[in-house]
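As structure tokens, the structure follows; a few thoughts come after it.
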Amino acid sequence: MDDSEYTVIAKRIKAMRELSDISADETAEKLGVSPEEYRSYENGEKDIPMGFLKDFAQYFNIEMTELLSGDQPRLKTFCFVKNGRGIAVERRSQYKYNHLAYNFSNRRAEPFLVTVESKEDEEIHFNSHEGQEFNYCVEGRLLIVINGTEIIMEPGDSLYFDAENKHGMKALDGKPAKFVAIIF
395 MDDSEYTVIA
405 KRIKAMRELS
415 DISADETAEK
425 LGVSPEEYRS
435 YENGEKDIPM
445 GFLKDFAQYF
455 NIEMTELLSG
465 DQPRLKTFCF
475 VKNGRGIAVE
485 RRSQYKYNHL
495 AYNFSNRRAE
505 PFLVTVESKE
515 DEEIHFNSHE
525 GQEFNYCVEG
535 RLLIVINGTE
545 IIMEPGDSLY
555 FDAENKHGMK
565 ALDGKPAKFV
575 AIIF
């Protein structure tokens, strides 16, 4: 296992659970995933959905920033992030996340700028998580599928949905797409 950003996040999850003296099985049950799936996240064997990271952070009463960067957010009045300067989180080859409020303490939502690389021949990867999600298309065209319903988003389009529904996306037209995702 290498020390890529992805595996470092997995190590932080395992360390937090162990420091809290909670078993992997209990953590899996509390977070609504199977023990096998949880262990695959913790061991860096499987992609960790952003919704799971949010739920994990809430369950362990820590900021998501601590899982992503190892640092605690410190700002309380505002957090200004210059273009391209959010915490980069690379979890899947086709998605790149930039956290847009990583240094604001006690956030009520997790905002990301997500870039979806164009890999139209690839299958859509689906996930679901607790809470709700708001997506706003900034650039390119994006196919989003929610429980089998296909929606094509173009710049300026927005979508708000119950994130417990199975959802996934891919960029269209052979070009990357960018959207703002806010997870509540």
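The opening residue of the sequence shown carries number 395 in my numbering; numbering runs sequentially from there. Just so it is clear, CB atoms sit at the ideal spot from N, CA and C, and this is done for glycine as well. All values derive from a computational prediction rather than experimental measurement.
Nearest-angstrom beta carbon gap, residue j and residue i [assumed within contact, 8 angstroms]
i: residue 505; j: residue 532; result: Incorrect: roughly 12 angstroms between the Cβ atoms, too far for contact.
i: residue 555; j: residue 517; result: Going by Cβ atoms, the distance from residue 555 to residue 517 rounds to 21 angstroms, so no, they are not a contact pair.
i: residue 406; j: residue 464; result: 7 angstroms
CB contact flag (residue i, residue j, <7 angstroms)
i: residue 578; j: residue 525; result: yes
i: residue 523; j: residue 429; result: no
i: residue 436; j: residue 408; result: yes
i: residue 490; j: residue 471; result: no
i: residue 575; j: residue 445; result: no
i: residue 512; j: residue 530; result: no
i: residue 492; j: residue 507; result: yes
i: residue 433; j: residue 418; result: yes
Opening and closing residue of the alpha helix (DSSP H) in which residue i lies
i: residue 432; result: 429 to 436
i: residue 419; result: 418 to 425
i: residue 346; result: Since the first residue of the chain shown is 395 and the last is 578, residue 346 is not available in this structure.
i: residue 526; result: Careful: residue 526 lies outside any alpha helix (DSSP H), inside the beta strand (DSSP E) at 526 to 533.
Classification of residue i by the beta-carbon crowding that lies within 10 angstroms, buried from 16 upward
i: residue 459; result: buried
i: residue 449; result: buried
i: residue 543; result: exposed
i: residue 411; result: buried
i: residue 571; result: buried
i: residue 397; result: Summary for residue 397: the model assigns pLDDT 48, below 50, so the residue's position carries little reliability; its value from the coordinates is reported in the next sentence. Label assigned to residue 397: exposed.
i: residue 568; result: exposed
Residue i - containing beta strand (DSSP E), residue span
i: residue 509; result: 504 to 510
- Query: Does the stretch 560 to 573 come within contact of the stretch 533 to 548, defined as at least 3 CB pairs closer than 8 angstroms?
  - Reply: yes
Stretch pair the stretch 495 to 504 + the stretch 452 to 466: three plus CB contacts closer than 8 angstroms:
yes
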